[in-house]
Amino acid sequence: MTSTALEPPAVGEPAPRRRQATRQKLTAHRRKEALTFYLFISPWVIGFVVFLLGPMLFSIYLSFTEWDSFTAPVWVGLDNYITLLTDDPIFMKVMGNTAYYSLISVPLGMVVSLFIANLLNKKVRFRKLFRTLVYLPHLIPIVAVALIFQMVFAPEAGPLNQALALIGIDGPNWLMDASWVKPALILMSLWQAGGGTILLLAGMNGIPKELYEAAEIDGASGFRQFWSVTFPQLTPVIFFNLIMGIIGSFQVFAQVFILTGGGPDNASQMAVPMLFDEAFRFYHMGYGSAIAWILFVVIMAFTALAFATSGRWVFYESEVRQ
Amino acid sequence: MSAMTPAPTAPAPVAGRTRPPRPRTLSAFRSGPLTYGLLVILSAIFTIPLVFVVSIALSSDTTVSTGQLSILPRDFEFSNFVDIFRTSLPVGSFLVNSVIIAVSSAIGQVLSSSLVGYAFARLRAPGKRPLFFVVIATMMIPAQITMIPQFWIFSQLGWIDTFLPLIVPQFFSNAFNIFLVRQFVTRIPYEMDEAASIDGLGFFGIYARLILPMMTPILIAIAIFTLTAMWGDFMGPLIYINSEDKMPLALGVQYLTSTSQELQTPPWNLIMVGSIFLSLPMIIIYYFGQRYMYEMNLSAGSAGVK
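Line by line, the protein sequences are chains H and Z.
First residue of the first sequence: 21, per the working numbering; consecutive thereafter.
First residue of the second sequence: 3, per the working numbering; consecutive thereafter.
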């Protein structure tokens, strides 16, 4: 319809011929438009084929081979997967570590950011200052965060153990102790939880005040108002953060690589650092590819789980409740 | 109480001055000493590591090597901020490399994503819908899947130990940015395109002269997002960069901790200065770009929810 508007009405021409000419013009115009579309999206198409689809297919193939990246790959069938799942000395432990880290740090981070957002959503003085202080750690690049926390976790001079000493607790040697190294990494992730707070605050801003008025008239307590009004209204944001958080935390790398190198005794070794070691340290490219695909399946499974259960607890405004 | 005043007296404000009495704050938004107490404690917890960083960065070498660190600064060795450029590592080059990588990546993403996003928002073509579905689906694929084959591709091209494996892929756009641009352009009234087309602009003209200038907010958001992501990227440089003079700061600062093995303790004061150099630009960029990032957060939020 746009194209017809472009045609100045040809005066004096017989009607049928004019319509035919227009249609021809129109299809030519359409063809040009389609051509332009494919020309415009060609960067994505090329990138998709060269950097994603091609590598993905190659990666599937590699996961069935033994390959050191210098000589030709040797087909080994399912061997890499079987070894990983049944015979690898650390892989199961590594996946356990990764799940432990992800499934504790993500929900805990959500609780912390929700708690802070709820505080900041009240009428408080210096709100902007508090918000900035809480958000600031989120802006620090992860490499710097890891280096900073190497100091924070220092057994003697570190502020964490100094604070614990104040209340009479003899803090552990966080990064050198197999039972404390994962909680240490989780604590570190909580330091950046303020990032979620900003999203939640934006969500809280959108909750109609009438809901709180009604709740107050009904005599609902502060906690009850949070649980019955704020939380349900925020579930879409929480749901989004949950999925993104799980996907992201399963891919944790720099923290582990810099702070612990996976140690002690592989207590903090995670999936991606292990993949990195296998591929780029030992040149087990086939084995590394198999790790990547198992990781992919696990991430997908958790994402699917989050989606599948979301119907039970995510509330959308537009939803008609029965 | 005042909110309960009978209706007839409340309305009809006289001469703009007298408004109906403000209802008191709802209990959900009321703050007490507990609120402030919790906020102060939490802010302190979040801030202490940052103060500690500054304290270490200002410490003298002897304070560091004897492990006498404290949360509040004891020394004020501002010379550390100069000394970091006099180590055995080319810290000046680290900074320059980071800027080159981050800025060219941002340029690549802005150019490619705006073009592709515009096409998906405006141009009609057979196969567009399934293609867009593919774009969205690619967001789910973790980077680790393609890491090993990409390494092979780039090593075949002879690009190892150059910036190219980090920068070049950014010129082919990414799914998330395409999605953001498409959402943004869809909100621009189509009548503007029609008017421009009557004025004789072709598709490229409409893109370059009409839509592109109007896309500025979302393109700034994409530029900021790419800048911060590439500035902080650790794994990419770790895989592809070997020589010290080509390392970006994120890799170089970490390298500071591992190269000084002959010393008893790494030069933590200089490492913390490096961490400040790594962090400060991100804080500054956020400060000036936060309204654009806010817009992007909102679109991102709706991307996940729908």
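Note that CB positions come from ideal geometry on N, CA and C, so glycine has one too.
1) Starting from the C-beta of H/S330, find all residues in its chain whose C-beta is less than 6 Å away, skip the five residues before and the five after it, and write them out in chain order.
2) For a cutoff of 9 Å on Cβ pairs, would you count H/Q245 as touching chain Z?
3) Just to confirm, is the Cβ distance from H/Y303 to H/D107 under 9 Å?
4) Within 9 Å of any Cβ in chain Z, is that where the Cβ of H/R50 sits?
5) In the structure shown, what three-state DSSP assignment does Z/T49 receive?
6) If we cut at 9 Å on Cβ distances, does H/I136 have a partner in chain Z?
7) Can you check whether the C-beta of H/Q170 is within less than 9 Å of a C-beta belonging to chain Z?
8) Is Z/V55 near Z/S277, with beta carbons less than 9 Å apart?
9) With DSSP as the reference, identify every bridge partner of H/I86, one or two as the case may be.
10) How would you label Z/I180, buried or exposed, when you count the other beta carbons within 10 angstroms and need 16 or more for buried?
11) Tell me whether Z/F174 is buried or exposed, calling it buried when 16 or more other Cβ atoms sit within 10 Å of its Cβ.
12) Under 8 Å, with one C-beta from each stretch per pair, do the region 116-132 of chain H and the region 210-220 of chain H reach the 3-pair mark?
13) Could you run through the region 63-83 of chain Z and flag, in chain order, every residue whose CB is less than 9 Å away from some CB of chain H?
14) When you compare the CB of H/V292 with every CB in chain Z, is at least one pair closer than 9 Å?
15) Buried or exposed: where does Z/R345 fall if 16 or more other Cβ atoms within 10 Å of its Cβ makes it buried?
16) Taking only beta-carbon atoms, is H/A54 less than 9 Å away from chain Z?
17) Compare the C-beta of Z/R126 against all C-beta atoms of chain H and say whether one is closer than 9 Å.
18) Can you look up Z/T164 in the DSSP assignment and give me helix, strand or coil?
19) If we call anything under 9 Å between Cβ atoms a contact, is H/Q245 one with H/F335?
20) What separation, rounded to the nearest whole angstrom, lies between the Cα atoms of Z/L28 and H/A235?
21) Given this structure, state the Cα-to-Cα distance separating H/W247 from H/Y232, to the nearest angstrom.
22) Taking only runs that begin and end inside the region 72-103 of chain Z, name each unbroken alpha helix (DSSP H) of 4 or more residues, in chain order.
23) Measuring only the C-alpha atoms, how far is Z/A231 from H/G129?
24) With a threshold of 8 Å on Cβ separation, who are the neighbours of Z/L229 within its own chain once the five nearest residues in sequence on each side are excluded?
25) Since Z/G234 meets chain H, which of its residues come closer than 7 Å, beta carbon to beta carbon?
26) Can you list the beta strand (DSSP E) stretches of 3 or more residues lying completely in the region 231-282 of chain H, in chain order?
27) Rounded to whole angstroms, what's the CA-CA distance from H/I189 to H/I168? Just pull it up for me.
28) So, under 8 Å CB-CB, H/G306 and H/S83 are touching, yes? Tell me the CB distance rounded to an integer number of Å.
29) Compute every distance between the C-beta of H/A166 and the non-hydrogen atoms of the ligand SAM, then say whether any falls below 8 Å.
30) Residues of chain Z with CB under 8 Å from H/V154, in chain order?
31) Any beta carbon of chain Z sitting closer than 9 Å to that of H/L26?
32) Using the three-state DSSP reduction, which class does Z/W270 fall into: helix, strand or coil?
33) Let me know if Z/I213 comes out buried or exposed under the rule of 16 or more other beta-carbons within 10 Å of its beta-carbon.
34) Going by Cα to Cα distance, which pick from Z/G94, Z/V42, Z/L44 is closest to Z/P250?
35) Would Z/P15 count as contacting chain H if we go by Cβ distances under 9 Å?
36) Answer yes or no: do H/A326 and Z/P128 have a C-beta to C-beta separation smaller than 9 Å?
This is what the structure holds:
1) As a position in the first sequence, residue 330 of chain H is number 310, starting the count at 1. Same-chain partners within the cutoff: F259.
2) As a working note, residue 245 of chain H is residue 225 in the first sequence. So yes, H/Q245 belongs to the interface.
3) Residue 303 of chain H sits at position 283 when you count from the first residue of the first sequence. Residue 107 of chain H sits at position 87 when you count from the first residue of the first sequence. In this structure, H/D107 does not lie closer than 9 Å to H/Y303 by Cβ.
4) Counting from 1 along the first sequence, the entry for residue 50 of chain H is found at position 30. Yes, because at least one Cβ of chain Z sits closer than 9 Å to the Cβ of H/R50.
5) Position 47 of the second sequence, counted from the start, is the residue given in the question as residue 49 of chain Z. Helix.
6) As a first step, residue 136 of chain H must be located in the first sequence, where it is residue number 116. Chain Z, which has a Cβ nearer than 9 Å to the Cβ of H/I136, makes this yes.
7) For the purposes of this step, residue 170 of chain H is taken as residue 150 along the first sequence, with counting starting at 1. Yes, its Cβ sits closer than 9 Å to a Cβ of chain Z.
8) Taking the second sequence and counting its residues from 1, one reaches residue 55 of chain Z at position 53. Taking the second sequence and counting its residues from 1, one reaches residue 277 of chain Z at position 275. Yes.
9) Counted from its first residue, the first sequence places residue 86 of chain H at position 66. Here the sequence assigns Glu to residue 86 of chain H, which means Ile is not the residue at that position. H/E86 pairs with H/V94.
10) Locating residue 180 of chain Z in the second sequence gives position 178, where the first residue counts as 1. Buried, since its Cβ has 16 or more Cβ neighbours within 10 Å.
11) Start at 1 with the first residue of the second sequence, and residue 174 of chain Z comes out as number 172. A residue is called buried when at least 16 other Cβ atoms come within 10 angstroms of its Cβ; Z/F174 meets this threshold and is buried.
12) yes
13) Listed by position along the chain: G69, Q70, L71, S72, I73.
14) By one-based count along the first sequence, residue 292 of chain H stands at place 272. By this cut-off, H/V292 is an interface position.
15) Absent from the structure is residue 345 of chain Z, since the part of chain Z shown begins at 3 and ends at 308.
16) Here residue 54 of chain H is taken as the residue at index 34 of the first sequence, counted from 1. Yes, because at least one Cβ of chain Z sits closer than 9 Å to the Cβ of H/A54.
17) Along the second sequence, one-based indexing puts residue 126 of chain Z at 124. It does: the Cβ of Z/R126 has a partner Cβ on chain H nearer than 9 Å.
18) What you label residue 164 of chain Z is simply residue 162 of the second sequence in a count that begins at 1. Coil.
19) Here residue 245 of chain H refers to the residue found at position 225 of the first sequence. Here residue 335 of chain H refers to the residue found at position 315 of the first sequence. Their beta carbons are not under 9 Å apart, which means H/Q245 does not touch H/F335 by this criterion.
20) Numbered from its first residue, the second sequence carries residue 28 of chain Z at position 26. Numbered from its first residue, the first sequence carries residue 235 of chain H at position 215. Cα to Cα, the separation comes out at about 10 Å.
21) Position 227 of the first sequence holds residue 247 of chain H. Position 212 of the first sequence holds residue 232 of chain H. Cα to Cα, the separation comes out at about 12 Å.
22) 82-85
23) In the second sequence, the residue the question calls residue 231 of chain Z occupies position 229. In the first sequence, the residue the question calls residue 129 of chain H occupies position 109. Near 21 Å, if we compare the C-alpha coordinates of H/G129 and Z/A231.
24) Here the question's residue 229 of chain Z lines up with position 227 in the second sequence. Hits under 8 Å: A104, V105, S107, A108, I287.
25) Translated into the one-based positions of the second sequence, residue 234 of chain Z becomes position 232. Against chain H, the beta carbon of Z/G234 has neighbours under 7 Å at P161, I162, V163, listed in chain order.
26) none
27) Locating residue 189 of chain H in the first sequence gives position 169, where the first residue counts as 1. Locating residue 168 of chain H in the first sequence gives position 148, where the first residue counts as 1. Their Cα atoms are separated by approximately 22 Å.
28) Here the question's residue 306 of chain H lines up with position 286 in the first sequence. Here the question's residue 83 of chain H lines up with position 63 in the first sequence. Contact holds; Cβ gap of about 6 Å.
29) Of the ligands one can find in the structure shown there are none, so the ligand SAM has no counterpart to examine.
30) For the purposes of this step, residue 154 of chain H is identified with residue 134 of the first sequence, where counting begins at 1. Chain Z residues near H/V154: L44, S45, F48.
31) In the first sequence, the residue the question calls residue 26 of chain H occupies position 6. At H/L26, the pLDDT of 43 sits below 50, so the modelled position is not reliable and the matter cannot be decided from this model.
32) The residue labelled residue 270 of chain Z in the question sits at position 268 within the second sequence. If DSSP states are grouped into helix, strand and coil, Z/W270 belongs with the helices.
33) The residue you call residue 213 of chain Z lines up with position 211 of the second sequence. The residue in question, Z/I213, is buried, as its Cβ has 16 or more Cβ neighbours within 10 Å.
34) By 1-based counting over the second sequence, the position of residue 250 of chain Z is 248. Out of Z/G94, Z/V42, Z/L44, Z/G94 has the C-alpha closest to the C-alpha of Z/P250.
35) Numbered from its first residue, the second sequence carries residue 15 of chain Z at position 13. Low per-residue confidence applies at Z/P15: pLDDT is 46, beneath 50, and the placement is therefore not dependable enough to give any value.
36) Numbered from 1 along the first sequence, position 306 holds the residue referred to as residue 326 of chain H. Numbered from 1 along the second sequence, position 126 holds the residue referred to as residue 128 of chain Z. Not closer than 9 Å, so no.
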